[in-house]
Amino acid sequence: MADSNPTALLRRTGPDVADIVRPGLSVRTETGLGIAKLRIFGRAADARFQEIAGIAPPLPCREIGSGDLAFAWLAPGEWLITGAEAAVAAWVERATALGADDLLAIDFSHARTAFLLEGESARAALAAHCPLDLWPDAFPAGAAARSLLGDTGLFIARLADTGDAPRFRIIVDQTMAAYAGRLFARA
Amino acid sequence: MLLITCPHCGPRAEIEYRCGGEAHVERPGPHDQVSDQAWADYLFYRANPKGGHRERWLHVAGCGQWFNVARDTITHEIAAVYPMGETLAEGSAA
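The listed protein sequences correspond, in order, to chains A and B.
Going by the numbering used here, the residue at position 75 of the first sequence is 366; the numbering climbs one at a time, nothing skipped.
Going by the numbering used here, the residue at position 55 of the second sequence is 370; the numbering climbs one at a time, nothing skipped.
Structure (structure tokens):
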């Protein structure tokens, strides 16, 4: 966290969710992850994204990396930006400074909780509560989606594998983090 | 459970969606010339066919977009998925 950044200085007040580490599955809370959303209104949203971000937008249901940040497609004209808290806050500040009225960039790092799931059983643990097809054909590394986790919504992105085991980043509402933790504790 | 193909996200489970009921219901107007009968029909009465039907669906847990679905209410077969604001030619599907 950059000490000079007031956004990053906001204290996280979310519940502490105990990490789960057992053979075949580890679920860890990811601290210090900045999470922001970019919405662009209008029909030429993808072209406008390129103007603002300086890179081609990710394809639907995909996440791409650019420098310290990752950009994931959420919906037409809507993207999720993740990365180090200070880097995300700086990006949002820059986008907002454009003063354009067809875009909205919001840093909501403190309203969400991120988990890293990895291990051979990660798919099974997710499949118990999430209706997505997470097998490699439908959800390869670099895929991202919004879906459900039990009674709450989640964002899920498949990161680069560790060895043979898949690795997922999931993001849920901060108020639902303890609930998500309980789901995985029982999965 | 239905497997519905969202035009933006691809095939997803039914629980990610919300059904918005019959598609292509148009608000009658101009408002000061609409009979009570026509207004009540617009507000409250919907087709409930046995067979081919056009419905609106919202991908609420995914991309959050509305779209139209041509679905058979007997077999649950989805014959077409098409964007809002468009219509399917009669008899082209379902």
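Backbone N, C-alpha and C define an ideal beta-carbon position, used for all residues, glycine too.
In terms of residues, what are the limits of the beta strand (DSSP E) holding residue i?
{"i": "D393(A)", "result": "Segment: none, D393(A) is in no beta strand (DSSP E) and carries neither H nor E."}
{"i": "W372(B)", "result": "G367 to L373"}
{"i": "V312(A)", "result": "I311 to R313"}
{"i": "F355(A)", "result": "Before going on, a small fix: residue 355(A) reads as Ile here, not Phe. First-last of the beta strand (DSSP E) with I355(A): E354 to S357."}
{"i": "R403(A)", "result": "R403 to E409"}
{"i": "T402(B)", "result": "No beta strand (DSSP E) holds T402(B); DSSP gives it neither H nor E."}
{"i": "V318(A)", "result": "L316 to E321"}
{"i": "C334(B)", "result": "R333 to E337"}
{"i": "W364(A)", "result": "L360 to A366"}
{"i": "I447(A)", "result": "T443 to T453"}
{"i": "G325(B)", "result": "G325 to A328"}
{"i": "L440(A)", "result": "A435 to L440"}
{"i": "I319(B)", "result": "L318 to C321"}
Helix, strand or coil: how does DSSP classify residue i here?
{"i": "R334(A)", "result": "coil"}
{"i": "F459(A)", "result": "strand"}
{"i": "I389(B)", "result": "coil"}
{"i": "V414(B)", "result": "Residue 414(B) lies beyond the stretch modelled for chain B, which goes from 316 to 409, so this question has no answer here."}
{"i": "D464(A)", "result": "strand"}
{"i": "I372(A)", "result": "strand"}
{"i": "D356(B)", "result": "helix"}
{"i": "E341(B)", "result": "coil"}
{"i": "W381(B)", "result": "strand"}
{"i": "I346(A)", "result": "coil"}
{"i": "A327(A)", "result": "strand"}
{"i": "A386(A)", "result": "helix"}
{"i": "A432(A)", "result": "coil"}
{"i": "A376(B)", "result": "coil"}
Tell me the residue span of the alpha helix (DSSP H) that contains residue i.
{"i": "G284(A)", "result": "Residue 284(A) lies beyond the stretch modelled for chain A, which goes from 292 to 478, so this question has no answer here."}
{"i": "R287(A)", "result": "Past the edges of chain A, shown from 292 to 478, lies residue 287(A), and the structure says nothing about it."}
Contact check, residue i vs residue j under 8 Å by CB: the rounded distance?
{"i": "E337(B)", "j": "R369(B)", "result": "7 Å"}
{"i": "L445(A)", "j": "V463(A)", "result": "5 Å"}
{"i": "G325(B)", "j": "R437(A)", "result": "With a Cβ gap of about 13 Å, G325(B) and R437(A) do not count as contacting."}
Quick check: is any heavy atom of the ligand SAH less than 7 Å from the C-beta of residue i?
{"i": "G336(B)", "result": "As presented, the structure is devoid of all ligands, the ligand SAH included, so that no description of it is given."}
Going along the stretch 432 to 447 of chain A in order, which residues come within less than 8 Å of chain B, judged by CB to CB distance?
Those would be A436, R437, S438, L439 and G444, in chain order.
Can you give me, in chain order, the residues of the stretch 357 to 391 of chain B that have a beta carbon less than 7 Å from any beta carbon in chain A?
A376, G377, C378, G379 and Q380
If you measure beta-carbon to beta-carbon, which residues of the stretch 403 to 433 of chain A are closer than 7 Å to chain B?
P422
Check each residue of the stretch 349 to 383 of chain A: if its Cβ is closer than 8 Å to any Cβ of chain B, include it; give the result in chain order.
P351, C352, L365, A366, P367 and E369
Members of the stretch 316 to 349 of chain B that neighbour chain A once the beta carbon cut-off is set at 9 Å
M316, H323, C324, G325, P326, R327, A328, E329, I330 and E331
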